[in-house]
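If you read the protein sequences in the order shown, they are chains A and B. Using this note's numbering, you'd call the opening residue of the first sequence number 12 and step up by one each time. Using this note's numbering, you'd call the opening residue of the second sequence number 24 and step up by one each time. Glycine included, C-beta positions come from ideal geometry on N, C-alpha and C. Given the structure is predicted, the values throughout are model-derived calculations rather than measurements.
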Amino acid sequence: MRYQAYSQWKRSALSIVLLIAFGIILGCSPPAFKSGIRVHTTEALTTSPGASLDVSGVTDVGQLLLARDPHNGSEQAFEGLTGVFGLDDHPNAQTNASWQVSVDYSRVIFECGTGHIVEDVPIGGAIVVATCFL
Amino acid sequence: MPRTLSLALLFFVLLLVVALIPAQTGPATFNIDISASYQFHTLNKPTGLTVGQSTAVFYIVDSDNFVIRAFQPSNGSLTVVAGTVGAAGFADGTATSARFNHPTGISGGLFCIPNQFAPPPGCFQSTRLYVNDTDNFAIRYICLGFNCPAQNVTTVAGQGGSPGYVNGTNLNARFRRIAGHWAAGSDLYICDAENHVIREWDGSNVTTFAGTGTPGYADGPRLSAKFLVPIDAVKDNNGNLYITEGGNHTIRKIDTAGNVTTLAGNGTLGYADGTGMAARFNRPTKIVYRAAENVLYVADTGNNSIRRVTLSGVVTTYSGAPTAGLTNGTLSQARYSHPMGLMILNNFMYVADSLNNVIRRIDMVNGTVTTYIS
């Protein structure tokens, strides 16, 4: 009887630990990309290749330049700030279109300044990764 | 038989359907690469750069400020590590009391010195630098941090205010304007520009490695070959030593058998890409070897450009043009003004752009040039 209770307690404890671990893993992972345009801002030391850190608080601006059909989403411009994990998602940004996307690090890392690209975003969307090399 | 046929038909139809369904496109990934730019407005004719075992800190020779500076990319700090800004002289001593007089070249950097009492990874950090202190006619050694003497800056070869041409033990040796050096541990190949020879210092003695002391231009065995204002030296992976010559405007090669040949240039000043003696330089200074490509890069100072030289002597312009300027952009758009120092680290080339008083950075993968430290 005592053994059964102990076993049940052990199972419950294990479940709780697993639940917490699962929660931590979920909470610490960046959300999966869904649609539209995702802006991801990072910084990297050229002295340590391969290692980059997410930077939040970077201004990101997008402007649709040329639309095509078929497409997903309907937003033709966006403006925001990257948040946790250095991400700013614009899930309703129109895809299958030419976009200009700009980032401005000045608020958080003055030395990085600004950068931009003009690219054709396919119908499946795009992830724009901005990296400031320190 | 009909069953086999039906299965084959079904398989074919399935294949057709799969082929005709438009591929589901996932998100594309685009990159925006930004190069940080640090503004201090403090450098005054930077001429040399180095990074050691620990790449966390670069060291810059700030020649006309008479100091050696350290730049830390992780926090963007630029500090003086030896000498005092604006105070030229010759004095060994602590980092701040030591004096330099137009230092130009530098080697070494930040190292991790193994020690049993050190926390993981089992070493203490220490800065160890060799500096050719041109107008003091001497090689200076800077030691900062763990296991360094109270006197951080010492003269290890030559003597301030006492030019000459004498081989011998450390402080008894004499030089006449050292323009550059290449270090392999404490074994230094020293370009003694105004004695027109390459000297070697093994940690205790200075000897003549190549040249006769008479200016000229002659290939041959190293001790009978002639040079005119040798500026800098570097070794390749096979042990061949390459010398830039400011006076003959050439790249000379000293092979492991001790024979001196001309790799590129022909003794005439000019600007021309080409092979071997068809190429022209205008006062080439810093030379670095990039093992990943097995090529040399040369600061062609008088041509305001960076040249790329293969080990078979094919010379091309890597970046810049003879017209001086301060323009960023692609490799060919970029303009420099008397580039003198070069350093390559992790696919980035750093250029001490001496008359622009800045450090430029070239992304060697993307081929873009930016102003890194101004």
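- With 16 or more other CB atoms across the displayed protein chains lying within 10 angstroms of its CB, Gly131(B) is buried.
- Sequence-ordered contacts of the segment 122–134 of chain A with chain B read Glu122, Cys123, Gly124, Thr125, Gly126, His127, Ile128, Glu130, Asp131, Val132, Pro133, Ile134 [C-beta pairs closer than 9 Å].
- Annotation: Cβ neighbours of Phe371(B) in chain A (cutoff 7 Å, chain order): Thr57.
- Contact annotation: in the segment 91–121 of chain B, residues whose CB is within less than 7 Å of a CB in chain A are Pro96, Ser97, Gly99.
- Taking a Cβ-Cβ cut-off of 8 Å, the neighbours of Phe53(B) in chain A comprise Val112, Ile128, Glu130, Ala137, Ile138, Val139, Val140, given in sequence order.
- Neighbours of Leu145(A) in chain B, taken as residues whose beta carbon is under 8 Å from its own, are Ala59, Pro96, Ser97, Gly99 in chain order.
- Straight across, the Cα-Cα distance linking Gly49(B) with Val50(A) is about 16 Å.
- The three-state reading of DSSP puts Asn54(B) in strand, counting E and B together.
- Taking C-beta separations shorter than 8 Å and ignoring five residues to either side along the sequence, the partners of Asn124(B) in its chain run Phe89, Ala111, Gly112, Phe113, Asp156, Thr157, Asp158, Asn159, Gly183, following chain order.
- Bounds of the beta strand (DSSP E) holding Val321(B) are 318–323.
- Around Ala79(B), the beta-carbon contacts reaching into chain A at under 7 Å are Thr58.
- It is roughly 8 Å from the alpha-carbon of Ser100(B) to the alpha-carbon of Ala93(B).
- Measuring C-alpha to C-alpha distances from Thr150(B) to each of Pro238(B), Val103(B), Ile274(B) identifies Val103(B) as the nearest.
- Within the model, the alpha-carbon separation for Val252(B) versus Gly269(B) is close to 5 Å.
- Taking C-beta atoms under 8 Å as the contact rule, Ile277(B) and Asn289(B) fail to qualify, at a distance of about 18 Å.
- When secondary structure is reduced to three states using DSSP, Thr235(B) falls in the coil class, being assigned neither helix nor strand.
- Secondary structure in the segment 27–100 of chain A: the beta strand (DSSP E) runs of 3 residues or longer, each lying completely within the stretch, are 48–55, 63–65, 70–78, 88–92 in chain order.
- In terms of Cα proximity to Leu64(A), the closest of Gln111(A), Gly47(A), Val95(A), Asp100(A) is Val95(A).
- The beta strand (DSSP E) runs lying completely inside the segment 182–206 of chain B and spanning 3 residues or more number zero.
- Taken through DSSP and simplified to helix, strand or coil, Asn305(B) comes out as coil.
- Beta-carbon to beta-carbon, Gly325(B) and Leu286(B) are separated by about 18 Å, too far to satisfy the 8 Å threshold.
- For Leu349(B), there is no enclosing beta strand (DSSP E), as DSSP marks it with neither H nor E.
- Residue environment for Leu246(B): exposed (fewer than 16 other C-beta atoms within 10 angstroms of its C-beta).
- Residues Thr267, Val321, Asp323 of the same chain have their beta carbon placed closer than 6 Å to that of Pro307(B), with the five preceding and five following residues left out of the count.
- Here the C-alpha atom of Gly135(A) lies approximately 10 Å from the C-alpha atom of Gln105(A).
- It is roughly 39 Å from the alpha-carbon of Val132(A) to the alpha-carbon of Asn317(B).
- Annotation: the continuous beta strand (DSSP E) that includes Lys276(B) extends over 273–277.
- Taking the CA atoms as reference points, Ala141(A) sits about 56 Å from Asn190(B).
- Bridge partners of Arg330(B) according to DSSP: Val321(B), Thr340(B).
- Rounded to the nearest angstrom, the gap between the Cα atoms of Asn389(B) and Gly84(A) is 33 Å.
- Against chain B, the beta carbon of Phe96(A) has no neighbour under 9 Å; the closest one sits roughly 16 Å away.
- Counting only the Cα atoms, Arg222(B) lies some 56 Å from Thr70(A).
- The Cβ-Cβ distance between Met366(B) and Tyr359(B) does not fall below 9 Å.
- Within the same chain, and ignoring the five residues on either side of Gly281(B) in sequence, the residues whose Cβ sits closer than 7 Å to its Cβ are Pro244, Arg245.
- Distance from Asp215(B) to Phe198(B) at the Cβ level is roughly 5 Å; contact confirmed, criterion being Cβ atoms closer than 8 Å.
- For Asn107(A), no beta strand (DSSP E) segment is defined, and its DSSP state is neither H nor E.
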